[in-house]
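Undergrad: Numbering (our numbering), first residue to last: 1485 to 2413. Note that the Cβ used here is the ideal one computed from N, Cα and C, for glycine as well. Predicted, not measured: the structure shown is a model, and the values here were computed from it. Shown below is the structure under consideration.
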């Protein structure tokens, strides 16, 4: 077969019989199927001058590892597997990103772009690597720069601009886009293979968004119809974008330079080129949006787990005291919690009602999780596959959603230049290639550079405009409620406003066969969801002896595409001219995000999301009866619309002295859907550093990047809790030699800054490695010994279902896998902190209802800590770090290390742990339009 370059010596490798044996075992697994690197383009004679509409003065930077190039031909994959070669621009942003962990201490403004890209508009003429006219069109040009290969799309017509954006997206992420449109439809295993990770991924997402093709189309129709001229423009943009994607599919198919995963998964024949790469259509955009919204933009849920822990508390302590104990652990509005909007303004949302109404708590022992998977055959019927389903269901139904992402924004009043400075970005996990892609788009009504999710890049979603930048973190406020629908007739009928109504059965049948990419044996199953007007059925139980189904209703359900209007506005230079315009734009985004803004004069913040107006007396923490009196106000079940809280009720701010966010509590009285917003949160790592910078004044880009990078290496448990643990232990002399040695090591590490950092760049060995090992082993032991004796095993276990005890860097993160960088978002650090201070006799705001450690006795608590510390000190590295598919047992550095999870044939090396955004901007504008 011929290749894009005739006579290529690799032509013969297209025959699958010549594939190396290891390729036949390569799984597409972990998050999806494989991805590839797009074709490298020939250098062109044309040049693009730096844009004149750039007001950042060379002080905008960004980074997105591993690299822009995310498509690889079959030849690229084989060369990589045999010789270790990397396609051009597949990993050229990985080393600069990784090197900040050891290079930030000597950072200067002049060195920032050693670790970041220059994010100025345009490409200097001597830096143009290639130009092309996609599809031979005269109204759009794609220029790629030499350093990173990022596409800079410029169009003279709106259609041409969006056509170019689609073409560039397909060049850089076609296979990834194809994978995720199948994830959104619950069809990943049939498309990419039956690997366990593929099964878990499609089950986790489809459970919460079991849409039919008609549902997907209806979303488009409603979004367009409800948004006037902007809605019509959005649809036109999407269609032009799709035309560009499909033009690339046709060109790459004809030229034989499409992603090699299509060969490896059997969609294309490597010898004859038989097979089809399906064109993209409008409903694919909805499927993609549903995945991204579920991953990063939906807060709440977990009401059944909340009910179970409340019942356990009431069983242990009685109703009144049990409720008080439960509330103390829930920390709905903890007075010691770090806040993003910290000016004292209150934004009440889902507060505890004075007289709760409509609660539908289950009878003890009656709750069962609704099955999703039926009719298993072959490899789908193994114990491993069943276990995967359990993990996927647990992740899908938990309120502990890995929000990730952080932001540090400082007002110009406190900077050296007098201009605001921002360092911000989303933590989206690490993949090869990345879920996000970089681009610049310039055309009629569009002027932006930044990151977008692959397949949704008709607009820049996080990035910069001509004289402003914006970013987001996951907010997590509660937009999901659980309803108890009373059953009638049988298990598949329920009462709706007094009428016995049939549930709607939605099924997705998937089957797979072994392929060169995925050696999982043949198998199949059916995913089945029963839908009601109150959402999909997630559990079954009895309430007061009545059989019920618990359903989950999400305000963004059937509305994932509505947010397109907000993103369109953010890209429009004629719309966003200041902080108020920015806030107006993001108000059109129904994902639960914290949005941040900076230009040369102002900073701003706004919390987005469709927050439903709940019936008076409804406590959103628990299931309520599916009755008219307890429904969202003016709720229309056909369209899933309701009354939403006004924009003024959403936390918002302009020109606060500074903003920090790391998925922490947003504002006073604004309750999040998840647990863990107490006295110690990873947001404190940013708050403490930025607060000191602002107090000193003269903040610079360098000092703010340093603050972020230093927090990225901090162990939250050590920095904010360990000192009190040691204070208890040192309340009397430590005479045991093992414990004393451990205390010395921990104290030394704490004095050195409590960072998890290498001894030197590339050493792959932690400084203070023993202290880190001891704390990693000690934390779960001390938490259990501190709290379980008083709470009892049942209640302790129930609370750990609400909030995990620990989240070390080595922890897994649901669909984003382990080795994902993000750490310390969820854990019992606040509980331990409050309890230690109480035992020490210190003042505690929002205390727990009792002293738990040692029954409140300082001496007994000290004994508990010493006993567990000795046990921890005695654990070997192999016991603490047991190894996984990436690391051998005992390899501490590797256990923490970040892995760019391969979604195809191209892999990258591990990098040392950092707890920071995947895509990140550093911006300081010098002027304004």
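Once you ignore the five residues that flank residue 1961 on each side, which residues in its own chain have a CB closer than 8 angstroms to its CB?
TA: 1783, 1784, 1833, 1834, 2076, 2091, 2093, 2095, 2150, 2154, 2155, 2156 and 2157
Undergrad: For residue 1618 and residue 1648, which I take to be in contact (beta-carbon distance under 8 angstroms), what is that distance rounded to the nearest angstrom?
TA: Distance from residue 1618 to residue 1648 at the Cβ level is roughly 5 angstroms; contact confirmed, criterion being Cβ atoms closer than 8 angstroms.
Undergrad: Restricting to runs no shorter than 3 residues, where is the beta strand (DSSP E) found entirely within the segment 2220 to 2268?
TA: none
Undergrad: Can you list, in chain order, the residues of its chain whose CB lies under 8 angstroms from that of residue 1815, leaving out five sequence neighbours each side?
TA: 1821, 2159, 2160, 2161, 2162, 2314 and 2330
Undergrad: For residue 2285, tell me which candidate among 1630, 1730, 1633 and 1792 has the shortest Cα-Cα distance.
TA: 1792
Undergrad: Would DSSP call residue 1677 helix, strand or coil?
TA: coil
Undergrad: Quick test of your reading: residue 2015 and residue 1694, contact by CB under 8 angstroms. State the CB separation rounded to the nearest angstrom.
TA: 7 angstroms
Undergrad: Go ahead and label residue 1846 buried or exposed: buried means 16 or more other beta carbons lie within 10 angstroms of its beta carbon, across all protein chains shown.
TA: buried
Undergrad: Out of 2097, 1912 and 2138, which has the shortest C-alpha to C-alpha gap to residue 2303?
TA: 1912
Undergrad: Can we count residue 2170 as close to the ligand MG, meaning its CB is less than 8 angstroms from some heavy atom?
TA: The ligand MG is absent from the structure shown, which contains no ligand whatsoever.
Undergrad: Based on Cα-Cα distance, which residue from 1590, 2059 and 2351 lies nearest to residue 2262?
TA: 2351
Undergrad: Starting from residue 2034, trace the beta strand (DSSP E) in both directions and tell me its first and last residue.
TA: 2030 to 2038
Undergrad: Could you check if residue 2117 is buried or exposed, using at least 16 other CB atoms within 10 Å of its CB as the buried criterion?
TA: exposed
Undergrad: Excluding five sequence neighbours on each side, which residues of the same chain lie with their C-beta closer than 8 angstroms to the C-beta of residue 1940?
TA: For residue 1940, where only same-chain residues beyond five positions count, the Cβ hits under 8 angstroms are 1769, 1772, 1773 and 1776.
Undergrad: Can you give the Cα-Cα distance for residue 1758 and residue 1747, rounded to whole angstroms?
TA: 10 angstroms
Undergrad: Report the three-state DSSP secondary structure of residue 2076 (helix, strand or coil).
TA: Residue 2076 falls in the coil class under three-state DSSP.
Undergrad: Is residue 2322 helix, strand or coil by DSSP?
TA: In the displayed model, residue 2322 falls within a helix according to three-state DSSP.
Undergrad: Alpha carbons only, please: which of 2137, 2326 and 1988 is nearest the one belonging to residue 1699?
TA: 1988
Undergrad: Just reading off the beta strand (DSSP E) that residue 1627 is part of, what are its end residues?
TA: 1624 to 1629
Undergrad: List the endpoints of the continuous beta strand (DSSP E) containing residue 2091.
TA: 2087 to 2091
Undergrad: Alpha carbon to alpha carbon, how far is residue 1945 from residue 2137? Give it in angstroms, no decimals.
TA: 21 angstroms
Undergrad: Counting along the chain, where does the beta strand (DSSP E) carrying residue 1827 start and finish?
TA: Bounds of the beta strand (DSSP E) holding residue 1827 are 1823 to 1833.
Undergrad: In the DSSP assignment, find the unbroken beta strand (DSSP E) run with residue 1858 in it and report its ends.
TA: Unbroken beta strand (DSSP E) run through residue 1858: 1857 to 1862.
Undergrad: Is the beta carbon of residue 1677 closer than 9 angstroms to that of residue 1690?
TA: It is not a contact, given that the beta carbons lie outside the stated cut-off.
Undergrad: By a C-beta neighbour count over all protein chains shown, 10 Å radius and 16 as the cutoff for buried, is residue 1738 buried or exposed?
TA: exposed
Undergrad: Less than 7 angstroms between C-beta atoms, sequence neighbours within five positions excluded: which residues of the same chain meet that for residue 1667?
TA: Sequence-distant partners of residue 1667 (beyond 5 residues in either direction) whose C-beta falls short of 7 angstroms from its own C-beta, in its chain, are 1516, 1685, 1686, 1689 and 1775.
Undergrad: Secondary structure at residue 1932, three-state DSSP: helix, strand or coil?
TA: Here residue 1932 sits in strand by DSSP.
Undergrad: I want to know whether the segment 2403 to 2410 touches the segment 1538 to 1550 - three or more CB-CB distances under 8 angstroms.
TA: yes
Undergrad: What are the start and end residues of each continuous alpha helix (DSSP H) run of 4 or more residues lying completely inside the segment 1526 to 1589, in chain order?
TA: 1558 to 1567 and 1578 to 1587
Undergrad: Which runs of the beta strand (DSSP E) spanning at least 3 residues fall entirely within the segment 2118 to 2159, listed in chain order?
TA: 2136 to 2138, 2142 to 2145 and 2149 to 2154
Undergrad: Quick one: residues in its chain with C-beta nearer than 7 angstroms to the C-beta of residue 1707, no 5 flanking neighbours on either side, listed in chain order?
TA: 1715, 2045, 2046 and 2048
Undergrad: By DSSP, does residue 1609 sit in helix, in strand, or in coil?
TA: helix
Undergrad: Does the beta-carbon distance from residue 2085 to residue 1896 come in below 9 angstroms?
TA: yes
Undergrad: Can you tell me the Cα-Cα spacing of residue 1811 and residue 1805, whole angstroms?
TA: 10 angstroms
Undergrad: Taking residue 2011 as part of the beta strand (DSSP E), name the residues at either end of that continuous run.
TA: Note, residue 2011: beta strand (DSSP E), 2007 to 2016.
Undergrad: Give the DSSP-derived three-state secondary structure of residue 1720 in the structure shown.
TA: helix
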